[in-house]
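Below is one structure, written out as structure tokens; comments come after it.
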Amino acid sequence: MKQVAGKIKLDLAQYREMAAFAQFSSDLDPSTQKLLARGARLTELLKQPQYRPLPVEEQVISVFAGTRGYLDGIDVSKVGKFEAQLISEIKAREPAIIEAIRNDQQIKPETEKSLIAFIEAFAKSFG
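Plus 4 on top of the position in the sequence shown (first one is 1) and you've got our numbering.
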């Protein structure tokens, strides 16, 4: 989790700072708009049902997808659906990825390659 959580901390800190700034400015440059959009998606991604936290390996996959930009093209209202379907599909079609993250307690390079390929294919078919 530390491997992917560091990036999300930075992204969310920048998001909060820019969100506060954006309240006073009506003209935002494209990079600021992108940062605000990603921050909104990451915030949505971190929401979990009360008393039903996701297992760590599933959280790692979700945060990985969010920080790598795979949610950037997804409407904020569909982030939860994307996350749920991604986890469901990866469990059904590539359980070895989840097992590797659980057992290794990190994302090794070979697992990362498999995870990227899976998320890219899933993101293209999501709709």
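In this text, a Cβ means the ideal position worked out from N, Cα and C, and glycines have one as well.
- Going by beta carbons, phenylalanine 68 and leucine 75 fall outside the 8 Å limit.
- By the Cβ criterion, the segment 51–69 is in contact with the segment 82–101, since at least three pairs of Cβ atoms, one from each stretch, lie closer than 8 Å.
- For arginine 56, there is no enclosing alpha helix (DSSP H), as DSSP gives it neither H nor E.
- Remark: fewer than three beta-carbon pairs, one from each stretch, lie closer than 8 Å, so the segment 98–106 and the segment 30–50 are not flagged as touching.
- The residues Ala69, Tyr74, in chain order, have a CB closer than 6 Å to that of isoleucine 123 in the same chain once the five nearest residues on each side in sequence are set aside.
- If you draw a 10 Å sphere on the C-beta of leucine 39, you find 16 or more other C-beta atoms in it, and that means buried.
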